[in-house]
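Working notes, beginning with the structure itself.
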Amino acid sequence: DIFVFNEYYPQSHGQAFQAELESAGWVYQALSVQTDEKANRILIASKFPIAPLPLTMPTFDQQFQSNLLGVKILDLDISLLGLRMPWYKSKALVTCAWGWVEETAALLVSHPSIIIGDLNATEQSSAGRGGEHFRRITKSGWQRATPSGSSYFGKDGKTSKIDHLL
3 DIFVFNEYYP QSHGQAFQAE LESAGWVYQA LSVQTDEKAN RILIASKFPI
53 APLPLTMPTF DQQFQSNLLG VKILDLDISL LGLRMPWYKS KALVTCAWGW
103 VEETAALLVS HPSIIIGDLN ATEQSSAGRG GEHFRRITKS GWQRATPSGS
153 SYFGKDGKTS KIDHLL
């Protein structure tokens, strides 16, 4: 009943795609902010009414802002945070982004909430990739859905579980 597209890049077909979703029943839609930086965006399409989730948006990087979107699923009284962690080369940006996610997760954990997306990290990731933050989040009351397979398939044949549902 709810789609979260975490690597949405609308380009010229964005409006047609969203109209097609609407005609198929996903009439409630939200799209993350577009910034001056070229970046993926988040699209949430729902059959349930949604409203913006009041979040303090990060200010350290425009790309991260377009890669996150929070909504409240009104009929279900559930908060939903869709995100994609950019593959930052700067450890400082990784730390800032994961710090924001960890702070936001701490605010959401006491109420029925979902965090879903491409976190570009696993529970085994190094601290420089957000692993420490991710481990603290999963130990702070969040339950991680256990996938049956991989979510990333590299050209070199390597696989990984970087997409998560908490």
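Under the working numbering, residues 3 to 168 are what the sequence shown spells out, in order. Note that CB positions come from ideal geometry on N, CA and C, so glycine has one too.
Which residues in the same chain have their Cβ closer than 6 Å to the Cβ of residue i, if we skip the five residues on either side of it in sequence?
i, result
"residue 118", "6, 84, 167"
"residue 30", "48, 51, 52"
"residue 72", "55, 57, 83"
"residue 93", "130"
"residue 147", "167"
What's the call for residue i, buried or exposed, on a 16-neighbour Cβ count within 10 Å?
i, result
"residue 88", "buried"
"residue 25", "exposed"
"residue 143", "exposed"
"residue 106", "buried"
"residue 11", "exposed"
"residue 77", "exposed"
According to DSSP, simplified to helix, strand and coil, what is residue i?
i, result
"residue 99", "helix"
"residue 129", "helix"
"residue 18", "helix"
"residue 23", "helix"
"residue 145", "coil"
"residue 36", "coil"
With a cut-off of 8 Å on the beta carbons, I'd call residue i and residue j a contact; round off their distance for me.
i, j, result
"residue 14", "residue 41", "The pair is not a contact, with the Cβ atoms about 17 Å apart (cut-off 8 Å)."
"residue 75", "residue 52", "6 Å"
"residue 136", "residue 128", "11 Å between Cβ atoms; not a contact."
>> Suppose only complete runs of 4+ residues qualify. What are the alpha helix (DSSP H) ranges in the stretch 51 to 113, listed by chain order?
In response: Correct list: 64 to 68, 93 to 110.
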